[in-house]
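Down below is the structure, laid out as structure tokens.
Numbering (my numbering), first residue to last: 2 to 277.
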């Protein structure tokens with residue numbers, strides 16, 4: 002398990018490119034036939050990447066969790082960013098097409114991932130947080146969440162936001178999760194930027210062409226930095242950091258949050274003119 006320790010905003014000015022990427026960018030989530038696990042001390046979330054090929058693969062608790070099962074004390078939201086596949090939870094199979102989301106609650110013992118076609122594997126992205134109670138496993142297909150249209154073409158940030166796990170949708174203890182897709186010709190996400198001091202957030206960028214990149218803005222509003230992000234790479238965003246980006250083409254991203262509350266609109270906006 003890859004462990005990322007919590008970072009103070011006062012450390013950011015001293016970090017070079019490699020150090021910044023090492024703290025906040027998860028580059029190798031999807032490895033053929035494997036489950037990759039990255040633990041962040043920011044709200045103790047775990048990012049999971051599963052890419053099943055010729056056989057199903059299981060979600061096993063790393064030794065560092067000191068748990069019998071991965072979800073003994075946790076919950077997880079899973080989005081499939083690859084081809085069609087199946088997630089089986091304690092014997093119940095759920096088929097996830099591209100962009101579908103599955104919530105699995107605390108206490109599930111056996112979670113396995115499989116691809117429908119080994120030639121075109123599924124790629125399951127999971128975001129897990131500690132949980133204090135159990136909510137039922139729930140599948141939401143792509144486009145069936147709470148859909149919000151945001152932004153404008155004139156500001157290059159027209160996008161469709163699909164909320165899956167949230168206070169008025171699929172219930173969870175603290176995970177809030179969804180998918181945003183930029184419209185063709187738009188490149189900016191979440192601008193004007195914001196922070197939310199009560200929750201950390203992680204972005205997984207996908208549907209990005211191989212030769213395209215996203216410049217992801219992070220850091221305090223008055224001490225911003227950027228990460229150059231490729232397809233199917235994730236960014237860990239602490240609660241004190243802005244999280245916004247601009248791509249060289251349109252793209253999608255999974256956003257997921259955990260922390261003190263589940264209010265999607267509880268954010269502290271930062272005007273463009275205030276960024277440095």
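Note that beta-carbon positions come from the ideal geometry of N, C-alpha and C, so glycine has one too.
Small disclaimer: the values here were computed from a predicted structure and weren't measured.
For this session: Please name the residue, chosen from 106, 150 and 66, that lies closest to residue 176 on a Cα-to-Cα basis.
Result: The shortest C-alpha separation from residue 176 is found at 106.
Exercise. Where does the unbroken alpha helix (DSSP H) through residue 25 begin, and where does it stop?
Worked result: First-last of the alpha helix (DSSP H) with residue 25: 18–25.
Exercise. Can you tell me whether residue 49 is buried or exposed, with buried defined as 16 or more other CB within 10 angstroms of its CB?
Worked result: buried
For this session: Could you tell me which uninterrupted beta strand (DSSP E) segments, each at least 3 residues in length, are contained entirely in the segment 195–261, listed from first to last along the chain?
Result: 200–207, 215–221, 224–230, 235–238, 245–248 and 253–260
Exercise. What is the residue span of the beta strand (DSSP E) that residue 40 lies within?
Worked result: 36–41
Exercise. Out of curiosity, what's the CA-to-CA distance linking residue 234 and residue 271?
Worked result: 25 Å
Problem set entry | Opening and closing residue of the beta strand (DSSP E) in which residue 88 lies | 86–90
Exercise. Quick one: complete beta strand (DSSP E) runs, 3+ long, within the segment 72–119?
Worked result: Entirely contained in the segment 72–119, the beta strand (DSSP E) runs reaching 3 residues are, in chain order, 75–81, 86–90, 93–97, 102–105 and 112–116.
Exercise. Between which two residues does the beta strand (DSSP E) carrying residue 164 extend?
Worked result: 160–166
For this session: Can you tell me which of 2, 4 and 10 puts its alpha carbon nearest to the alpha carbon of residue 198?
Result: 10
Exercise. Residue 80 and residue 101: beta carbons closer than 9 Å?
Worked result: A Cβ-Cβ contact shorter than 9 Å links residue 80 with residue 101.
Problem set entry | Check whether residue 189 and residue 245 have beta carbons under 9 Å apart | yes
Exercise. Can you pull the DSSP bridge partners for residue 270?
Worked result: 195
Exercise. Quick one, which of 16, 230 and 54 has its alpha-carbon nearest residue 215's?
Worked result: 230
Exercise. Bridge partners of residue 4, per DSSP?
Worked result: 40
For this session: Drop a sphere of 10 angstroms on the beta-carbon of residue 219, count the other beta-carbons inside from all chains shown, and report buried for 16 or more, exposed for fewer.
Result: Classification of residue 219: buried, given that the 10 Å Cβ count is 16 or more.
Exercise. According to DSSP, which residues form a beta bridge with residue 68?
Worked result: In the DSSP output, where bridge partners are listed per residue, residue 68 has none listed.
For this session: Answer yes if the segment 65–78 comes into contact with the segment 119–139, meaning at least three C-beta pairs across the two stretches below 8 Å, and no otherwise.
Result: yes
Exercise. Nearest-angstrom Cα distance between residue 109 and residue 224?
Worked result: 42 Å
Problem set entry | DSSP bridge partner residues for residue 179 (one or two, in chain order) | 164 and 256
Problem set entry | Contacting residues, own chain, Cβ-Cβ under 7 Å from residue 86 (five flanking each side not counted) | 53, 97, 114, 115, 116, 117, 123 and 125
Problem set entry | Touch test, the segment 199–210 against the segment 154–168, Cβ-Cβ under 8 Å, three pairs minimum | With the rule of 3 Cβ pairs closer than 8 Å, the segment 199–210 does not count as touching the segment 154–168.
Exercise. Under 9 Å between the Cβ atoms of residue 268 and residue 196?
Worked result: yes
Problem set entry | residue 139 to residue 95 span [Cα, whole Å] | 9 Å
For this session: Give the straight-line distance between the Cα atoms of residue 273 and residue 36, rounded to the nearest whole angstrom.
Result: 39 Å
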